[in-house]
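Engineer:
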Amino acid sequence: MYFSKSLYFAAIHLAWYASACQSCEGMNKLERRQEATDFSYLGLTGPVDWLQFEGTCGKGKQQSPINVVSTMKVSSLGDSGEYPDIGATGYNFTNTGRTVEVFYKGPKATLGGVDYELQRFHFHTPSEHRLDDEWFPMELHFVHSAVADPTKLAVVGIFIDTSEENKSDPLMARLAKLLPSIDNKGDTTIATYVPLGGARTAITNAKKFTYSGSLTTPPCTEGVTWYVSNTVLDISVADYKAFKRVLGYNSRNLQADPGKQNIVEFAAQFVTGGQAAPEKRSFAAKRFSA
Ligand SMILES: *[C@@H]1O[C@H](CO)[C@@H](O)[C@H](O)[C@H]1NC(C)=O
Ligand SMILES: *[C@@H]1O[C@H](CO)[C@@H](O)[C@H](O)[C@H]1NC(C)=O
């Protein structure tokens, strides 16, 4: 009984590998990589698979997001992100299929003494970073590139939490109203009249923990300077649900602390020749059949 069950599991695994190989045989590495350009947050194209991209997702030692701890370095005084409220002209607000993003380009920010230009801002549910091990329902990312060298990126992360008073920061309230018009991937509307006071405060007048990390989506490029604010924006339960419905789950799993071994590379040492070590699998099978 015991043995036949583990044989049964072994057979399933063999069949699975056989079919997996049939579908990838004849595909060269580049083709597989191009196919995987359609990354996701789910299953076989989810974050564990991102190592097959040209980039550092599965190798880098400065990957984001991380657990931010309040003993980390705090960014210098004098930071500012004086983004004017968005007025009547507006900016594209697009459902990219992976997030919803406002292409608000141009406002200036100074972070750690470096001058930046805002490129865009977007959202994740749940938060990607954690703060002293706590995660939040959402996280807002303001993405900047340096004025002197546009390849140098700085991202400000702002946590968003549900409000006990059932109130939304005006930025969240306004965008939540526009969300139904960008329900599907590829949809764009114009975001007009977006108040940015809450975000300005969370950047200019708040403590921000800083570290050198990466993009949280492929190709997971490193050298991104992160500023994670300890000022949290409010969202009402209704507005949160509106975002959650459109975003689904779009949060990369937590990465190792800066400088530590990449978690995918670490896990790969238990995998031989591209296949999971069979004895570990049958051990698991035995455990479940017991
Ligand atoms: C805004 O979105 C429209 C429609 O998708 C697109 O054609 C246009 O290029 C976008 N403009 C900018 C500045 O991104
Ligand atoms: C929260 O606000 C929404 C929208 O204004 C309202 O429909 C709902 O009843 C409120 N809930 C509570 C608990 O006050």
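Numbering (mature numbering (1 follows the signal peptide of the UniProt record, and there is no 0)), first residue to last: -26 to -1, 1 to 264. Note that the Cβ used here is the ideal one computed from N, Cα and C, for glycine as well. Note that the structure is predicted; figures quoted are calculated from it, not measured.
Within 10 Å of its beta-carbon, does residue 244 have 16 or more other beta-carbons around it, so buried, or fewer, so exposed?
Structural biologist: exposed
Engineer: When you get a sec, list the residues whose CB is within less than 6 Å of any heavy atom of ligand 1, chain order please.
Structural biologist: With the cut-off at 6 Å, the residues found are 66, 77 and 162.
Engineer: Using DSSP with H/G/I as helix, E/B as strand and the rest coil, what is residue 245?
Structural biologist: Shown here, residue 245 sits in a strand according to DSSP, grouped into three states.
Engineer: Could you tell me whether the segment 180 to 200 touches the segment 30 to 37, using the rule of 3 or more Cβ pairs below 8 Å?
Structural biologist: Taking a contact to require three or more Cβ pairs closer than 8 Å, the segment 180 to 200 and the segment 30 to 37 qualify as touching.
Engineer: Along the beta strand (DSSP E) that carries residue 136, what are the first and last residues, could you check?
Structural biologist: 127 to 136
Engineer: Going by the DSSP bridge assignment, what does residue 201 pair with across the sheet?
Structural biologist: 130 and 184
Engineer: Taking DSSP as the reference, what is the three-state secondary structure of residue 54?
Structural biologist: strand
Engineer: Identify the continuous alpha helix (DSSP H) that holds residue 121 and give its terminal residues.
Structural biologist: No alpha helix (DSSP H) holds residue 121; DSSP gives it neither H nor E.
Engineer: DSSP on residue -1, reduced to helix/strand/coil?
Structural biologist: Annotation note: pLDDT 43 at residue -1 (below 50); position unreliable, coordinate value reported separately. Residue -1: coil per DSSP, three-state reduction.
Engineer: In the DSSP output, which residue or residues are listed as bridge partners for residue 42?
Structural biologist: 105
Engineer: Taking just the CA atoms, how far does residue 212 sit from residue 92?
Structural biologist: C-alpha separation (whole angstroms): 29 Å.
Engineer: Measuring straight from C-alpha to C-alpha, what distance separates residue 235 and residue 189?
Structural biologist: 17 Å
Engineer: Tell me the DSSP secondary structure of residue 213 in three-state form.
Structural biologist: Helix.
Engineer: Among the candidates 198, 238, 219 and 239, whose CA atom is the shortest distance from the CA of residue 86?
Structural biologist: If we check each option's Cα against that of residue 86, 198 comes out closest.
Engineer: Just mark residue 43 as buried or exposed, buried being the case when its beta carbon has 16 or more other beta carbons within 10 Å.
Structural biologist: exposed
Engineer: Specify whether the segment 167 to 176 and the segment 53 to 72 touch according to this definition: at least 3 beta carbon pairs, one from each stretch, less than 8 Å apart.
Structural biologist: yes
Engineer: Locate the alpha helix (DSSP H) running through residue 151, then write down its first and last residues.
Structural biologist: 144 to 152
Engineer: Decide if the segment 117 to 127 is in contact with the segment 12 to 28; the criterion is three or more beta carbon pairs, one per stretch, under 8 Å apart.
Structural biologist: no
Engineer: Can you tell me which of 159, 238, 153 and 81 puts its alpha carbon nearest to the alpha carbon of residue 60?
Structural biologist: 81
Engineer: Taking residue 201 as the reference, which of 192, 180, 218 and 29 has the closest Cα?
Structural biologist: 180
Engineer: Let me make sure I understand the geometry here. Which of 101, 175 and 239 has the alpha-carbon closest to that of residue 144?
Structural biologist: 175
Engineer: Nearest to residue 120 by CA position, among 152, 154, 84 and 146, is which residue?
Structural biologist: 84
Engineer: In whole angstroms, what is the alpha-carbon distance linking residue 106 and residue 76?
Structural biologist: 29 Å
Engineer: Give the single residue among 14, 177 and 73 whose Cα lies nearest to the Cα of residue 219.
Structural biologist: 73
Engineer: Out of curiosity, what's the CA-to-CA distance linking residue 52 and residue 172?
Structural biologist: 18 Å
Engineer: Roughly how many angstroms separate the alpha carbons of residue 71 and residue 230, rounded to a whole number?
Structural biologist: 27 Å
Engineer: Distance, Cα to Cα, residue 9 vs residue 138?
Structural biologist: Legend: pLDDT at residue 9 = 42, less than 50; position of this residue unreliable, no value from coordinates given.
Engineer: Could you pull out every residue in the same chain whose Cβ sits closer than 7 Å to the Cβ of residue 152, ignoring the five residues on either side in sequence?
Structural biologist: 67, 163 and 165
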